[in-house]
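Below: the structure, in structure tokens.
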Amino acid sequence: MNIEEAKQKLHNMAYRDLQTKPYDLKLADVIQILNQIKLDKPQPEIPQFVADYIDDMHKNARTLRYAFKYMESNIKMHKWCVFEKQETFVNAFLYGYTIEKEKLYTVEIPNPKNGIAHRHIMLVKTTDGRVVLSEVVDSHIHLRDDLRLTESEIRKDFDWAWREEFPKEVTE
């Protein structure tokens, strides 16, 4: 039940017969209806590392206060939460969350001496999860999943490619 449905139900209860006045509603009836309300607010969207942190806190039965105190020893969490998204963190901790989809990129290294249109030098994710520089001969590179990489995958061994702004964001 959402808030509007609860209002309607209370209105119907208040005026169920002609002798009833709105102030005759029983507190128990009102509380019962309020307990049925599900918040209309969407769950906050958070990055995967924040979700992992919250899950760890919940698994170990930690309080919100403890989560903030312990956060001081986790620089990445502290920076994200304290300096950017405190309210989002609190709502995610208390009411649940959805995980942000990480942006994906393709990385093609420019090759001015390339004479073949469908030949590309690109970063490729291998079947064992490593990212390597490889020659790709394909006219449909935008469809290949092995060429879609996250920022962290690119920066791990190919930070220079990120700095040179070779990555292009994948649009779906």
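Here the sequence shown stands for residues 2 to 173, where the numbers follow my numbering.
From the three backbone atoms N, C-alpha and C, an ideal C-beta is built for every residue, glycine too.
Values in this document were obtained by computation on a predicted structure and should not be read as measured data.
When secondary structure is reduced to three states using DSSP, GLU152 falls in the helix class.
If you check the CB distance, ALA93 and ILE47 come in under 9 Å. Under the DSSP assignment, LYS10 falls in the alpha helix (DSSP H) whose first and last residues are 4–15. Of all alpha-carbon atoms in ASP139, LEU134, ILE110, ASP147, the one lying nearest the alpha-carbon of THR128 is that of ASP147. Counted as a single uninterrupted DSSP element, the stretch harbouring LYS169 is not any alpha helix (DSSP H) but the beta strand (DSSP E) occupying residues 168–170. VAL137 and GLU109 have their C-alpha atoms roughly 10 Å apart. Counting only residues of its own chain and dropping the five nearest sequence neighbours on each side, LYS102 has no CB closer than 8 Å to any other CB.
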